[in-house]
Ligand SMILES: [Zn+2]
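Numbering (our numbering), first residue to last: 48 to 207.
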């Protein structure tokens, strides 16, 4: 593989996106950029060589590393968007009547009379009515939930 060709191609590719065109009759795959230009045959050859090294005849370890990378990426995306997180809510100090609950973790009685805030777990596809007394209590629950999500995600991506 000509390293200069591939390095130049990657450098030139920073601000374009590519898409694949499949030719039904010949079975050929062509690569065009978003300005409509087809990549040069020299670049195409260099890319195929590099991708063959990356994706063809992988060892189990290499295969697993790709799955792991994608699972970790999925977990990161999830944690940045819908994933469950701890949310602290202050008790309003102008309440007409006090209210309270029992911490879902340690069983402590929490009341708007004596405490300044309470905690819950928020996340758009996570539902629970449990309330918690402190960050310490909710973090214990949250790390259990995250561990469960991690196991499920690794399974979904086939990580071994
Ligand atoms: Zn607690």
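Where is the CB? At the ideal position from N, CA and C, for every residue including glycine.
For residue 143, the three-state secondary structure derived from DSSP is coil. The shortest CA-to-CA distance from residue 195 to any of 130, 167, 105 and 156 is the one to 130. Within the same chain, and ignoring the five residues on either side of residue 159 in sequence, the residues whose Cβ sits closer than 7 Å to its Cβ are 138, 142, 145, 146 and 147. A Cβ-Cβ distance of about 11 Å is found for the pair residue 179 and residue 154, leaving them out of contact under the 8 Å criterion. In the structure shown, residue 88 adopts helical secondary structure according to DSSP, grouped into three states. Annotated three-state conformation of residue 64 is coil, per DSSP.
Three or more pairs of CB atoms, one per stretch, sit closer than 8 Å, so the stretch 92-99 contacts the stretch 49-66.
Here residue 200 carries a helix assignment [DSSP, helix/strand/coil].
Residue pairing for residue 137: DSSP places it in a beta bridge opposite 164.
Annotation for residue 75: no residue places its beta carbon closer than 6 Å to its own, counting only its chain and skipping 5 residues before and after. Here the distance from the Cβ of residue 155 to the nearest heavy atom of ligand 1 is below 6 Å. Taking 6 Å as the cut-off, the C-beta of residue 115 does not count as close to any heavy atom of ligand 1. Residue burial annotation: residue 166 is buried, with at least 16 other C-beta atoms found within 10 angstroms of its C-beta. In this structure, the straight-line span from the alpha carbon of residue 133 to that of residue 206 is close to 28 Å. The C-alpha of residue 177 is placed about 42 Å away from the C-alpha of residue 109.
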